[in-house]
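Q:
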Amino acid sequence: MWTGGGDEEALSKGVYNTYIEDNLRYSQNAALDMYKEVNTGTNLPAQIDLYAVDGDEYKFLCVAKGGGSANKTYLYQETKALLTPGKLEKLPR
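Reminder that position 62 of the sequence shown reads as 44 in my numbering, one-by-one numbering, no gaps.
If you want it as structure tokens, here you go:
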């Protein structure tokens, strides 16, 4: 199927429509700055990474959300109290 482009926009609209129509939990947080974030109320922006690969189909890898998984590369079991300039600088690098 040739989509004619705009795939990322179409996929994001699908995410939005699913959450609006099926009343799922709104839990996507967007960073305001280094220490503050806000719930977007729409589960957007959807994290959709598109890569050029051989073939004419999409293969989706879905990752379960939870525990702040959208913004973690390492898991440190901490609380939001860690998100201050002084404490954050002390994290292991």
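Idealized CB from N, CA, C, for every residue including glycine.
1. Beta-carbon separation of residue 28 and residue -7 under 9 Å?
2. Compute the distance between the beta-carbons of residue 0 and residue 12, then report whether it is under 9 Å.
3. Can you give me the Cβ contacts of residue 73 inside the same chain, cut-off strictly under 6 Å, excluding the 5 residues immediately before and after it?
4. Hey, out of 2, 42, 4, 38, whose CA is closest to residue 31's CA?
5. Whole-angstrom Cβ separation of residue 61 and residue 17, contact assumed at under 8 Å?
6. Between residue 2 and residue 24, what straight-line distance do the alpha-carbon atoms span, to the nearest angstrom?
7. Buried or exposed, going by whether 16 or more other CB atoms sit within 10 Å of the CB of residue 10?
8. Do residue 26 and residue 20 have their CB atoms nearer than 9 Å?
9. Measuring straight from C-alpha to C-alpha, what distance separates residue -2 and residue 39?
A: According to the structure data:
1. Against the sequence shown, residue 28 aligns to sequence position 46. Against the sequence shown, residue -7 aligns to sequence position 11. A contact, by the Cβ cut-off of 9 Å.
2. Counting from one through the sequence shown, the residue named residue 0 turns up at place 18. Counting from one through the sequence shown, the residue named residue 12 turns up at place 30. If you check the CB distance, residue 0 and residue 12 do not come in under 9 Å.
3. One-based indexing of the sequence shown puts residue 73 at position 91. Sequence-distant Cβ neighbours of residue 73 in its own chain, meaning closer than 6 Å and more than five residues away, do not exist here.
4. Locating residue 31 in the sequence shown gives position 49, counting from the first residue. Here the closest residue by C-alpha is 42.
5. Along the sequence shown, one-based indexing puts residue 61 at 79. Along the sequence shown, one-based indexing puts residue 17 at 35. Cβ atoms of residue 61 and residue 17 stay farther apart than 8 Å, at about 13 Å.
6. Locating residue 2 in the sequence shown gives position 20, where the first residue counts as 1. Locating residue 24 in the sequence shown gives position 42, where the first residue counts as 1. Each residue's alpha carbon lies about 8 Å from the other.
7. As a working mapping, residue 10 is identified with position 28 in the sequence shown. Classified as buried, residue 10 has 16 or more neighbouring CB atoms from the shown chains inside 10 Å of its CB.
8. What you label residue 26 is simply residue 44 of the sequence shown in a count that begins at 1. What you label residue 20 is simply residue 38 of the sequence shown in a count that begins at 1. Contact flag unset, no.
9. By 1-based counting over the sequence shown, the position of residue -2 is 16. By 1-based counting over the sequence shown, the position of residue 39 is 57. Approximately 22 Å, taken between the alpha carbons.
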